[in-house]
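So the sequence shown is numbered by our numbering: it starts at 3 and just counts up by one.
Cβ coordinates follow ideal geometry from the N, Cα and C atoms, glycine included.
These notes concern the structure reproduced below.
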Amino acid sequence: MRILRASDHKRMPWKNGGGETVEIAVSPDDAGLAGFDWRVSMATVAADGPFSIFPGIDRTLVILEGNGMALDIEGSAPVLLTTASDPLAFPADVPVAARLKDGAITDLNVMTRRDRLAHTLIRIDLDGNRSVPLTSSTCLLLCQSGALSFRRNGEAGALAASDALLIENAAGTELRIEGEAQSYLVSITPDDIPVTN
3 MRILRASDHK RMPWKNGGGE TVEIAVSPDD AGLAGFDWRV SMATVAADGP
53 FSIFPGIDRT LVILEGNGMA LDIEGSAPVL LTTASDPLAF PADVPVAARL
103 KDGAITDLNV MTRRDRLAHT LIRIDLDGNR SVPLTSSTCL LLCQSGALSF
153 RRNGEAGALA ASDALLIENA AGTELRIEGE AQSYLVSITP DDIPVTN
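Here you go:
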């Protein structure tokens, strides 16, 4: 397990130059925007405009802060995402236009290379303690707000807001978490193995 502190997250421009993203984790380590197998990042969207195109990539997005954003995804009906919405999965290699509802938003993006990996993203509203079964080979827990402590296989630690925990060889283990936090669990699995939560 590896704690990824908010202060160490990498800031970089969007692929299309239209904003800035905060990269939480990427594989392989230090992979660029064209060469990653998977990537977890946050971005602040301050203006309407197109999303960057990522050939061969599947993406899931959830709104963390703000009043919402409408997405026009080519081939799909328009959808309005708010902080109450479930994470939305869609291909990252089709044109997508974003329209802000009322001011800037911050979102969480999970992207995986379609021919190698699959992923899921779920919200965990923590108030007390909880046991989280880990069923995928690679998992990442983001503490979006609040704070939590964790324990797995005799290892323990704590996460503050925007910190993340990266767990490799996670399948078949259990993560115990405790605290008051809004958090998100990313599960990444080779594409020939079903991803379940």
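Check                                                                                                               : Outcome
CB contact flag (serine 189, serine 138, <7 Å)                                                                      : yes
Coil, strand or helix - alanine 183 by DSSP                                                                         : strand
For threonine 140, the first and last residue of its enclosing beta strand (DSSP E)                                 : 140 to 154
Coarse secondary structure for proline 196, derived from DSSP in three states                                       : Below a pLDDT of 50, predicted positions are generally treated as unreliable, and proline 196, at 45, falls in that range; the measurement from the model is reported next regardless. In the structure shown, proline 196 sits in coil (DSSP, three-state: anything other than H, G, I, E or B).
CB contact flag (glutamine 146, leucine 90, <7 Å)                                                                   : no
Exposure label - aspartate 165; buried when at least 16 CB within 10 Å                                              : buried
Rounded Cβ spacing between glycine 181 and glycine 148 (contact assumed at less than 8 Å)                           : 6 Å
Under 7 Å between C-beta atoms of leucine 128 and alanine 183                                                       : yes
Per-residue burial, asparagine 199 [other beta carbons within 10 Å of its own, 16 or more giving buried]            : Its pLDDT being 37, under 50, asparagine 199 is placed unreliably in this model, and the value from its coordinates should be taken loosely. Classification for asparagine 199: exposed.
Cβ separation of leucine 136 and glutamate 176, assumed to be a contact under 8 Å, to the nearest whole Å           : 7 Å
Classification of asparagine 69 by the beta-carbon crowding that lies within 10 angstroms, buried from 16 upward    : exposed
The stretch 76 to 85 contacting the stretch 23 to 32, beta-carbon criterion three pairs below 8 Å                   : no
Exposure label - leucine 142; buried when at least 16 CB within 10 Å                                                : buried
Alpha carbon of valine 197 to alpha carbon of methionine 113, nearest angstrom                                      : In this prediction, valine 197 has a pLDDT of 43, which is less than 50 and means its spatial position is unreliable; nothing more can be read from the coordinates.
For aspartate 130: DSSP bridge partner residues                                                                     : The residue you asked about is not aspartate; residue 130 is glycine in the sequence shown. Beta-bridge pairing links glycine 130 to Gly181.
Range covered by the beta strand (DSSP E) that runs through glutamate 76                                            : No beta strand (DSSP E) contains glutamate 76, which DSSP labels as neither H nor E.
Beta carbon of alanine 94 nearer than 7 Å to that of arginine 118                                                   : no
Whole-number beta carbon distance between threonine 108 and threonine 46, since they are thought to touch under 8 Å : 5 Å
Whole-number beta carbon distance between alanine 99 and methionine 71, since they are thought to touch under 8 Å   : With a Cβ gap of about 10 Å, methionine 71 and alanine 99 do not count as contacting.
Where isoleucine 169 falls, given that 16 or more other Cβ within 10 Å makes a residue buried                       : buried
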